[in-house]
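For reference, the structure discussed in these notes is given below.
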Amino acid sequence: MRLLTSYATVMVSGTKIAAEIGISRSEVWRLVQQLRELGVEIAGRPATGYQLRAMPDLLLPEILAPLVQGTIFSKHIHHYYKIGSTNTAAMEAAGAGAAEGSVFVAEEQTAGRGRGANLWHSVRSAGIYCSVLLRPALAPSDVLVLTLVSGLAVHSAVQEIDPRVKVDLKWPNDVLIAGKKVCGILTEMHAEVTRVKHLVVGIGINVNQASFPPELASIATSLRMATGTEWSRVELCGALLKSLDREYRNLLEDPEARESVLQRFQQRSSSVQGRQVRIEDDAGLEGVTEGLDARGFLQVRTAQGLRTILSGTVVLR
Ligand code: BTN
Numbered sequence: 089m090r091l092l093t094s095y096a097t098v099m100v101s102g103t104k105i106a107a108e109i110g111i112s113r114s115e116v117w118r119l120v121q122q123l124r125e126l127g128v129e130i131a132g133r134p135a136t137g138y139q140l141r142a143m144p145d146l147l148l149p150e151i152l153a154p155l156v157q158g159t160i161f162s163k164h165i166h167h168y169y170k171i172g173s174t175n176t177a178a179m180e181a182a183g184a185g186a187a188e189g190s191v192f193v194a195e196e197q198t199a200g201r202g203r204g205a206n207l208w209h210s211v212r213s214a215g216i217y218c219s220v221l222l223r224p225a226l227a228p229s230d231v232l233v234l235t236l237v238s239g240l241a242v243h244s245a246v247q248e249i250d251p252r253v254k255v256d257l258k259w260p261n262d263v264l265i266a267g268k269k270v271c272g273i274l275t276e277m278h279a280e281v282t283r284v285k286h287l288v289v290g291i292g293i294n295v296n297q298a299s300f301p302p303e304l305a306s307i308a309t310s311l312r313m314a315t316g317t318e319w320s321r322v323e324l325c326g327a328l329l330k331s332l333d334r335e336y337r338n339l340l341e342d343p344e345a346r347e348s349v350l351q352r353f354q355q356r357s358s359s360v361q362g363r364q365v366r367i368e369d370d371a372g373l374e375g376v377t378e379g380l381d382a383r384g385f386l387q388v389r390t391a392q393g394l395r396t397i398l399s400g401t402v403v404l405r
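Basically this note's numbering = 1-based index in the sequence shown + 88.
Take a look at the structure:
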């Protein structure tokens, strides 16, 4: 891909590609076929050479990095055609000393993880599967705000590309369109009692899926299903990383940013205020939402009084 991108306007012979990457011509043919299966439009055959027909919608560092220039995410973008989980890769790299701002993106995940024991449906080249590594000087109890910030970043990236889409944030880590999930966020951290050592924010966005398996069909949607058009994953991922960079820097630099995050999250969520909810994994607690507290935890008015929800899944009634 790298080679074809750099020779974008000319036919490159199979022999040249083979020599430059140190493989045989038949292996070049096999790779070209694999890229075609991924949806990359490549003209040509072994006898004529190969040429890219259009810039592919692959989340390659060469394509993504120029879009996020000047952000903390431009320098270390790791791309995988297939991986177990980008969050696992990012957590391992973090433990081995990878730089803050490292990005791990995949075309496909074979073991994409959601919150709890859930799996994240991660079919090839349809969604964005992206994890970023951060090393904020925060106490573990202050980290929730980063999940909220990530939801806001997804919200503004989608709106930047199509302001007509009505995006709704669901506390703490879901993004919905018309009540169905279009994005989930999984924040994982390695921390001492008073200090975060590193943190990985994993973002899964359903972009161009045309349908979902029966068990997800009633709860999941994609941007394509919601709008009727295909989206550029590259453009959306670029907008997302830029927005996340802005929000993250602001949070670290401006003492008032946290309050603004909480306010904006509440404005963009139809369910954090005045909504009847049940909290799964918390003895089935039920009540009406009453906004977020100063750290970003959800408050729920129950028959026994005001409760602060620290964990668990919010089920909207
Ligand atoms: C959830 O809604 O439960 C969170 C889903 C998070 C999915 C993303 S996809 C990229 C990253 N890698 C993973 O294995 N999970 C996150």
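The beta carbon of each residue, even a glycine, is placed where N, CA and C say it ideally should be.
Problem - Cβ neighbours of A142 in the same chain (closer than 8 angstroms, five flanking residues each side left out) - result: Counting only Cβ-Cβ distances below 8 angstroms, and skipping sequence neighbours, we find E129.
Problem - Cβ neighbour criterion (16 or more within 10 Å) applied to R252 - result: The C-beta of R252 has fewer than 16 other C-beta atoms within 10 Å across all chains shown, which makes the residue exposed.
Exercise for the section: Run the proximity test for C218: is its beta-carbon closer than 7 angstroms to any non-hydrogen atom belonging to the ligand BTN? Expected result: For C218, the shortest separation between its Cβ and any heavy atom of the ligand BTN lies below 7 angstroms.
Exercise for the section: Look at F385 and L236 and say whether their C-beta atoms are less than 8 angstroms apart. Expected result: Contact: no.
Problem - Length of the line joining the Cα atoms of D145 and F192 - result: Between D145 and F192, the C-alpha separation is close to 16 angstroms.
Practice task
Assess, as a yes-or-no matter, whether the segment 164-171 is touched by the segment 195-212 under the definition of 3 or more beta carbon pairs within less than 8 angstroms.
Solution key: Two segments are said to touch when three or more pairs of C-beta atoms, one from each, lie closer than 8 angstroms; by this definition the segment 195-212 touches the segment 164-171.
Problem - First and last residue of the uninterrupted beta strand (DSSP E) at M277 - result: Per DSSP, M277 belongs to the beta strand (DSSP E) from K268 to A279.
Handout entry: Any non-hydrogen atom of the ligand BTN closer than 7 angstroms to L146 Cβ
Key = For L146, the shortest C-beta to heavy atom distance toward the ligand BTN is 7 angstroms or greater.
Problem - Residues bridged to N338 (per DSSP) - result: As computed with DSSP, N338 is found in no beta bridge at all.
Exercise for the section: Give every residue of the same chain whose Cβ lies closer than 7 angstroms to the Cβ of R346, excluding the five residues on either side of it in the sequence, and list them in chain order. Expected result: Correct list, in chain order: V233 and L339.
Practice task
Determine the burial state of V270: buried for a count of at least 16 other Cβ atoms within 10 Å of its Cβ, exposed for fewer.
Solution key: Under this definition V270 is a buried residue.
Practice task
Along the alpha helix (DSSP H) that carries L126, what are the first and last residues, could you check?
Solution key: Neither: L126 is in no alpha helix (DSSP H) and is coded neither H nor E.
Practice task
Give me whichever residues DSSP pairs with C218 in a beta bridge.
Solution key: Its beta-bridge partners are V193 and I291.
Problem - Cutoff 8 angstroms; reference R312; Cβ partners in own chain excluding five residues on either side - result: Cβ within range, chain order: V295, N296, Q297, A298, E318 and W319.
Exercise for the section: Mind checking which residues open and close the beta strand (DSSP E) that includes A205? Expected result: Counting along the chain, A205 falls outside any beta strand (DSSP E), and DSSP gives it neither H nor E.
Exercise for the section: Tell me, to the nearest whole angstrom, how far the beta carbon of M179 is from that of Y138; I am working on the premise that it is less than 8 angstroms. Expected result: That pair is no contact at about 37 angstroms.
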